[in-house]
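Mind the numbering: the sequence shown is residues 99 to 598 in the numbering used here, read in order. Think of the CB as a built atom: it goes at the ideal place given N, C-alpha and C, for glycine as much as any other residue. Note that the structure is predicted; figures quoted are calculated from it, not measured. Just below is one structure, and these are the notes that go with it.
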Amino acid sequence: MKRIMIIGGGIAGLAAAYKVKRAADNGHKIEFILIEKEPRLGGKILTEIVPDPAGNGRFIVDGGPDCFLTEKPACHRIAKLIGIFDEELPTDDSRRKTWILSRGKLHALPDGVIMFAPTKFIPFVTTGLFSWPGKIRMGLEFFIPPKKVKPGEFNDETLERFVVRRMGRECLDRLAEPLVGGIHASDPAKMSLAATFPRLLEMEQKYGSLLKGFLAIRKMVEEMRRKYPTQPGEKPRTFFTSFVNGMQQLTDRMAEVAGLERMRTGRSVLSLRPKNQHRWEMHLSDGSTLEGDAVILATESWAAEPLLRPLDPAIADALAGIPCTSSATVSFAFHEAEVGFDLNAFGVLCPLVEKRALMAATYSSTKWPGRAPKGKVLLRGFVGGPHNQAIMERSNEEIIRIVHSEFQEIIGLNPKANPLFTRLYRWHLGMPQYIMGHLSRVELIEKRSGEIRGLALAGGSYRGVGLPNCIESGEKAVSKILNEWGIDLEEDHMEEKRYY
Ligand SMILES: Cc1cc2nc3c(=O)[nH]c(=O)nc-3n(C[C@H](O)[C@H](O)[C@H](O)COP(=O)(O)OP(=O)(O)OC[C@H]3O[C@@H](n4cnc5c(N)ncnc54)[C@H](O)[C@@H]3O)c2cc1C
Numbered sequence: 099m100k101r102i103m104i105i106g107g108g109i110a111g112l113a114a115a116y117k118v119k120r121a122a123d124n125g126h127k128i129e130f131i132l133i134e135k136e137p138r139l140g141g142k143i144l145t146e147i148v149p150d151p152a153g154n155g156r157f158i159v160d161g162g163p164d165c166f167l168t169e170k171p172a173c174h175r176i177a178k179l180i181g182i183f184d185e186e187l188p189t190d191d192s193r194r195k196t197w198i199l200s201r202g203k204l205h206a207l208p209d210g211v212i213m214f215a216p217t218k219f220i221p222f223v224t225t226g227l228f229s230w231p232g233k234i235r236m237g238l239e240f241f242i243p244p245k246k247v248k249p250g251e252f253n254d255e256t257l258e259r260f261v262v263r264r265m266g267r268e269c270l271d272r273l274a275e276p277l278v279g280g281i282h283a284s285d286p287a288k289m290s291l292a293a294t295f296p297r298l299l300e301m302e303q304k305y306g307s308l309l310k311g312f313l314a315i316r317k318m319v320e321e322m323r324r325k326y327p328t329q330p331g332e333k334p335r336t337f338f339t340s341f342v343n344g345m346q347q348l349t350d351r352m353a354e355v356a357g358l359e360r361m362r363t364g365r366s367v368l369s370l371r372p373k374n375q376h377r378w379e380m381h382l383s384d385g386s387t388l389e390g391d392a393v394i395l396a397t398e399s400w401a402a403e404p405l406l407r408p409l410d411p412a413i414a415d416a417l418a419g420i421p422c423t424s425s426a427t428v429s430f431a432f433h434e435a436e437v438g439f440d441l442n443a444f445g446v447l448c449p450l451v452e453k454r455a456l457m458a459a460t461y462s463s464t465k466w467p468g469r470a471p472k473g474k475v476l477l478r479g480f481v482g483g484p485h486n487q488a489i490m491e492r493s494n495e496e497i498i499r500i501v502h503s504e505f506q507e508i509i510g511l512n513p514k515a516n517p518l519f520t521r522l523y524r525w526h527l528g529m530p531q532y533i534m535g536h537l538s539r540v541e542l543i544e545k546r547s548g549e550i551r552g553l554a555l556a557g558g559s560y561r562g563v564g565l566p567n568c569i570e571s572g573e574k575a576v577s578k579i580l581n582e583w584g585i586d587l588e589e590d591h592m593e594e595k596r597y598y
């Protein structure tokens, strides 16, 4: 029996564990043991079920991620395998609207905007979100020739440079930064497009213009919807998907199906070393030592760095070159009648240029049906990110007070509305920043770790922060090790089915 030791019980580590379990169920003589530093599994995925103080149901509070991108198949595939596909929850698109704060006022995101490109003429020309010179500059994008990229040249650019070059500064400040940069909680002046949204770079080269590219995408999506309409009884296909009981429903069930008895929480791995060519040894914070045949490091990059430094300083240096920023979410529950503003929206984005502490707010109980009992609402604010690390130095009470007053000043929350409860979740260095040069760092990490027998890295620090990407990275790490052992899994040759 060969043993894979998995360090880290976030979604990437759990995806790795579950893949080992599937392989073992298929007759391969392998097992895993998973070590997680925190007392709970799930990593950044954390859902708290809070009973309504009035005893009329419950609130479902997601402290970290609250959804995944529907178009990426990995979460659907796993949900299907572990029997919770029917528990997937689409957004309530009958109430879909996004507000963007601009010059102190809330403006609805114009209909037809894809990423940061307007694709519908009337909503674009009539919106008060942009000035007329800003709109004209955006329209001129059609006529700007694409960047010349020599054959074989690596094409990369920061989000800022790319958007300003093609669509103008106002589009970056009012749309691209909050909508696109916000997904990664990243600084647009440093964020590498090749590492985050390579399709934008490809689109410029393919269509010569982003507007032309996005119009083609809109046409394609509309055709697909016509060709494959939602069937009676089928759930609507929305842009984002969650689970009925919050995102942790996914990781809880993954852990259960993979085997909780093989997971040890509340202790961290302090050191790691190859004992000989085929065995690995690690020391844990509880004083114990574990041995196995391979190791998957599914921690944050900054947590993997000290473990790998004695083994390969070049990998450790590359890991240290991935900066991470901290953030926090604050959720408030209120009586609906008390909030004093229109709840028919998914939330509010506050661009950096507005210089607010609040980066974004989600009207959680509007966006996701069932997040609050009838007559109550759940709202969530997001703070921190690369431009406001200082807020993380504040006490919990201060952060809560800041977010509460931002809700009043920006959204119009009634100052007299009394929160039924409040929850704050801090994510220390929880967001890896894919800055320029990220892909070369990742390539170096993959190349050098690829040459070390029995070692693989996984997680959101490398090739995508989204949950589906994290699942795939955990699974890929297992495949790397099994391939070294001459085990070829049938599922590695199956195409990812599209479940939407
Ligand atoms: C506030 C927030 C909101 C987000 N929203 C979304 C969203 O809506 N949709 C989306 O797709 N993505 C979102 N993301 C990104 C996504 O949550 C992460 O990319 C993903 O959860 C990372 O998973 P992971 O398994 O790689 O790492 P983690 O979840 O960070 O897991 C790593 C684990 O390793 C453990 N560990 C570290 N060192 C050791 C050690 N020495 N020994 C043992 N254990 C160790 C840690 O305790 C941790 O549990 C969000 C992230 C944050 C912070």
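Asked: Any 3 or more C-beta pairs closer than 8 Å across the segment 210-230 and the segment 302-318; Found: yes
Asked: The segment 363-376 in contact with the segment 188-200 per 3-pair CB rule at 8 Å; Found: no
Asked: Integer Cβ distance of Arg360 from Leu132, believed to fall under 8 Å; Found: 6 Å
Asked: 7 Å CB neighbourhood of Leu207 in its chain, flanking five on each side removed; Found: Thr196 and Ile198
Asked: Helix, strand or coil at Thr464 [DSSP, three-state]; Found: helix
Asked: Same chain only: Cβ atoms within 8 Å of Thr328, ignoring 5 sequence neighbours per side; Found: Pro334 and Arg335
Asked: Proximity test, Ile212 beta-carbon vs ligand 1 heavy atom, cut-off 7 Å; Found: no
Asked: Stretch pair the segment 559-571 + the segment 454-471: three plus CB contacts closer than 8 Å; Found: no
Asked: Minimum C-alpha distance to Lys127 - residue among Pro163, Val118 and Arg407; Found: Val118
Asked: Run of the beta strand (DSSP E) containing His502, from where it starts to where it stops; Found: No beta strand (DSSP E) contains His502, which is instead part of the alpha helix (DSSP H) from Asn494 to Glu504.
Asked: Short Cβ contact (8 Å threshold) for Met265 with Met289; Found: no
Asked: Helix, strand or coil at His433 [DSSP, three-state]; Found: strand
Asked: Own chain, CB closer than 8 Å to Pro517, minus 5 neighbours either side, in chain order; Found: Phe430, Ala431, Phe432 and His502
Asked: When Lys472, Leu553 and Leu417 are compared against Met380, the one with the closest alpha-carbon; Found: Leu553
Asked: Contact test: Ile420 Cβ vs ligand 1 heavy atom, cutoff 7 Å; Found: no
Asked: Sufficient close CB pairs (3 or more, under 8 Å) joining the segment 141-157 to the segment 472-489; Found: yes
Asked: Integer-rounded CB distance, given that Ala172 should sit under 8 Å from Ile569; Found: 4 Å
Asked: Phe228 vs Arg272 beta-carbon contact at 8 Å; Found: yes
Asked: Cβ-heavy atom distance, Ala110 to ligand 1, below 7 Å; Found: yes
Asked: Contact test: Ala396 Cβ vs ligand 1 heavy atom, cutoff 7 Å; Found: yes
Asked: Host alpha helix (DSSP H) of Ser571 (start-end); Found: Leu565 to Glu582
Asked: Asp160 - containing beta strand (DSSP E), residue span; Found: Arg156 to Asp160
Asked: Ligand 1 heavy atom lying under 7 Å from the CB of Thr427; Found: yes
Asked: Opposing strand residues paired with Met529 [DSSP bridges]; Found: Thr423
Asked: Cβ separation of Ser463 and Leu476, assumed to be a contact under 8 Å, to the nearest whole Å; Found: 4 Å
Asked: 7 Å Cβ shell around Gly564 - same chain, five flanking residues per side excluded; Found: Phe166, Leu167 and Lys170
Asked: CA-to-CA distance, Asp254 to Ala414, given in whole angstroms; Found: 24 Å
Asked: Close-in-space but distant-in-sequence residues of the same chain around Glu258 (CB under 7 Å, 5 per side omitted); Found: Leu270, Pro286 and Ala287
Asked: Rounded C-alpha distance that separates Gly548 from His591; Found: 20 Å
Asked: Paired residues, beta bridge with Pro163 - DSSP; Found: According to DSSP, which records beta bridges pairwise, Pro163 is partnered with nothing at all.
Asked: His536, enclosing alpha helix (DSSP H) - first and last residue; Found: His536 to Gly548
Asked: Backbone CA spacing between Thr339 and Thr189 [nearest angstrom]; Found: 7 Å
Asked: Span separating the alpha-carbon of Leu417 from that of Pro408; Found: 13 Å
Asked: Endpoints, the beta strand (DSSP E) within which Gly479 is located; Found: Lys474 to Gly482
Asked: Ile143: CB within 7 Å of a non-hydrogen atom of ligand 1; Found: yes
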